[in-house]
Amino acid sequence: MALGEAATVSRGGTKILEVSNTSLSTDGCAENTKLPGEVTKQLFNATVATGPATATQWLWPSDFYYVDAAGKIAKNVDASDANPCTGSTSTFIDMPTNSAADGKVTLDVPNVARVIGYHTTQGGNDVRIEWVLPEVPATAPAPAAPAAPSAPAVLPSIEAAPADSAAEPPVGFTGAPIGEPAPLVGKVIDHCMTGSMYQTGTTMFTDGTTGWTQQCASGG
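Taking my numbering, the leading residue of the sequence shown gets 29, the next gets one more, and so forth.
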């Protein structure tokens, strides 16, 4: 079961021991001096509830063991430097039957441990509980350095082709309309401008403006 889940050991339908609210903490714990760098001293927090069975001490640190990823077992007594954390309690010693208590015991947990196990035969009862430790997340890779900005591509300039000057009407001349000319509303022809400098159809109106009319283009 996972660390934090409640574990109940029963015999013949009678509860022998229940351990719940389990967690680990390094608060008040010094560095392990026996195997520094390989073992981390921690407080094992738990709530213990007993049945009719008795024991000198439930969750005695000497009754704990560890299992690594390869299945290798190590006992807590082999890793302990006998220096408890300052927050350790003695509430699990000589607990009355059918009672419950919160407490903390000091464990020296190997850094490679994947399972914390507890096994005792006190009081003639074979009690074994194992908790699976949460996996330590792998270190996230450092983000890649941003790529240097590339220089913008330079497109070759394309010179616009010169406009066809032949398409433009001569200065001073009016161009004849394309298609059917629209009627000129409100315009009265004064005379057709027939000089050689004017385009055929150029018309002078009575209001002083000029334009193009079919009448003048047809000979007026």
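For each residue, glycine too, the CB sits at the ideal point set by N, CA and C.
Simplified DSSP state of residue i, which is helix, strand or coil
i       : result
Val-216 : coil
Asn-49  : strand
Cys-244 : helix
Gln-150 : helix
Ala-74  : strand
Pro-89  : helix
Ala-107 : helix
Gly-99  : coil
Lys-43  : strand
Gly-223 : coil
Phe-120 : coil
Ser-127 : coil
Gln-36  : For the record, residue 36 in the displayed sequence is Thr; it is not Gln. Residue state, collapsed to three classes: strand.
Leu-31  : coil
Assigned exposure category for residue i - 16 Cβ within 10 Å defines buried
i       : result
Ser-51  : exposed
Lys-103 : exposed
Ser-108 : buried
Asn-126 : exposed
Ala-83  : buried
Val-47  : buried
Val-160 : exposed
Thr-238 : exposed
Val-216 : exposed
Lys-69  : buried
Asp-122 : exposed
Phe-201 : With a pLDDT of only 39 at Phe-201, under 50, the local geometry of the prediction cannot be trusted, and the value read off the model is given with reservation. Looking at its Cβ environment, which holds fewer than 16 other Cβ atoms inside 10 Å, Phe-201 is exposed.
Ala-98  : exposed
Ala-81  : buried
Gly-236 : exposed
Thr-42  : exposed
CB of residue i within 8 Å of CB of residue j, strictly
i       : j       : result
Cys-57  : Leu-71  : yes
Asn-111 : Ala-74  : no
Gly-115 : Asp-154 : no
Gly-145 : Val-95  : yes
Pro-89  : Val-133 : yes
Glu-163 : Val-143 : no
Ala-245 : Gly-229 : yes
Trp-240 : Thr-231 : yes
Ala-129 : Phe-120 : yes
Thr-148 : Gly-131 : no
According to DSSP, residues forming a beta bridge with residue i
i       : result
Glu-158 : Gly-145
Asp-136 : Lys-69
Pro-64  : Val-67
Thr-234 : Per DSSP, none; premise fails for Thr-234.
Ile-239 : For the record, residue 239 in the displayed sequence is Gly; it is not Ile. DSSP output for Gly-239 lists Thr-231 as bridge partner(s).
Any non-hydrogen atom of the ligand PLP closer than 7 Å to residue i Cβ
i      : result
Gly-99 : Because no ligand of any kind appears in the structure shown, any question about the ligand PLP cannot be addressed here.
Next on the checklist: When you compare the region 131–148 with the region 55–73, are there three or more beta-carbon pairs, one atom per stretch, that lie closer than 8 Å?
Outcome noted: Output reads yes: the region 55–73 touches the region 131–148.
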